[in-house]
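Protein sequence lines, in the order shown, are assigned to chains A and B.
Residue numbers for the first sequence follow the numbering used here, beginning at 1 and rising by one.
Residue numbers for the second sequence follow the numbering used here, beginning at 1001 and rising by one.
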Amino acid sequence: AQSVSQHNHHVILSEAASLELGCNYSYGGTVNLFWYVQYPGQHLQLLLKYFSGDPLVKGIKGFEAEFIKSKFSFNLRKPSVQWSDTAEYFCAVNLYSGNTPLVFGKGTRLSVIA
Amino acid sequence: NAGVTQTPKFQVLKTGQSMTLQCAQDMNHEYMSWYRQDPGMGLRLIHYSVGAGITDQGEVPNGYNVSRSTTEDFPLRLLSAAPSQTSVYFCASRAGVVTDTQYFGPGTRLTVL
């Protein structure tokens, strides 16, 4: 079965620091990859997604992620975080074709301090 | 568009009670799903549906039932609530294509005493 691993449970950064959140998946086939964000008290929103083409994808709010097929990874990055980026971040995967459900990682809580 | 709506926002149940969490979407999406979110566990899939009349189990289906009689609605039924079902429940929908964005509802916070 597919699984998604997010290695960092809680990350604390100062404003303007750079961010990288790890995501690895275990599936040998072709997959679609997503990052979602959940701001405090809100529902999940899509940050970015990858399903083909350029492995470096750009999303909203200055976030980007790079798909490295050989490493089964899809790490999320932002060059300079802001206090408003404080949230929980979820990586998710589904199969490239068919009507398969999204499988989520356990999430990484990001706290940005002034 | 209202997007994905869920009712109620909050609910407290006693052990053994049953209830239905409502989910509706107005985007004509074929695919709908239910997740539960627990601290440190991320989102776990309960049930999903690829269209009206078709449902399937996810990772944690025990204790829950679903049906999909219309494209718009996908209710989740708790048959006999247990404290282990205390959680935040999210409904989500997407169009039929697997690469499409999945949209989430605002969630229902359920406490079972």
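Note that the Cβ used here is the ideal one computed from N, Cα and C, for glycine as well.
Every value quoted in this text rests on a predicted model; they were computed, and no experiment measured them.
Taking the CA atoms as reference points, residue 80 (chain A) sits about 26 Å from residue 69 (chain A). The alpha-carbon of residue 1014 (chain B) is positioned some 12 Å away from that of residue 1079 (chain B). The region 99-114 of chain A makes contact with the region 82-91 of chain A, as at least three CB pairs between them are under 8 Å. Closer than 7 Å at the C-beta level to chain B, one finds these residues of the region 24-43 of chain A: 32 and 43. Residue 1112 (chain B) does not reach chain A, its nearest Cβ partner there being about 22 Å away, counting only Cβ pairs nearer than 8 Å. Taking a cut-off of 8 Å on C-beta distances, the region 1007-1023 of chain B does not touch the region 7-25 of chain A, as fewer than three cross pairs fall below it.
At least one CB of chain A lies nearer than 8 Å to the CB of residue 1041 (chain B). Flagged as an interface residue toward chain A: residue 1033 (chain B), by a C-beta distance shorter than 8 Å. Taken atom to atom, the span from the alpha-carbon of residue 1030 (chain B) to that of residue 114 (chain A) is near 44 Å. Between residue 97 (chain A) and chain B, the shortest Cβ-Cβ separation is below 8 Å. Residues of the region 1041-1074 of chain B with a C-beta less than 7 Å from any C-beta of chain A: 1041, 1042, 1043, 1045, 1048, 1050 and 1058, listed in chain order.
The beta carbons of residue 101 (chain A) and residue 1021 (chain B) sit no closer together than 8 Å.
Residue environment: residue 1111 (chain B) is assigned as exposed (fewer than 16 neighbouring CB atoms within 10 Å of its CB, all protein chains considered).
Contact of residue 94 (chain A) with chain B is assigned, a C-beta pair being separated by under 8 Å. Here residue 1077 (chain B) is exposed: its Cβ has fewer than 16 other Cβ atoms, across all protein chains shown, within 10 Å. With contacts defined by Cβ atoms closer than 8 Å, residue 1072 (chain B) and residue 1102 (chain B) do not form a contacting pair.
Its chain contains 1026 as the residues whose beta carbon lies nearer than 6 Å to that of residue 1002 (chain B), once the 5 sequence neighbours on both sides are disregarded; these appear in chain order. Just measuring C-alpha positions, the residue of A:32, A:50, A:56 and A:18 sitting nearest residue 83 (chain A) is A:18.
Within 7 Å of the CB of residue 1104 (chain B), the CB atoms of chain A belong to 43 and 44, in sequence order along the chain. Neighbours of residue 1096 (chain B) in chain A, taken as residues whose beta carbon is under 9 Å from its own, are 99 in chain order. In the DSSP secondary-structure assignment, residue 103 (chain A) is bridged to A:93. For residue 31 (chain A), the beta-bridge partners assigned by DSSP are A:95. At a cut-off of 8 Å between beta carbons, residue 1016 (chain B) makes no contact with chain A.
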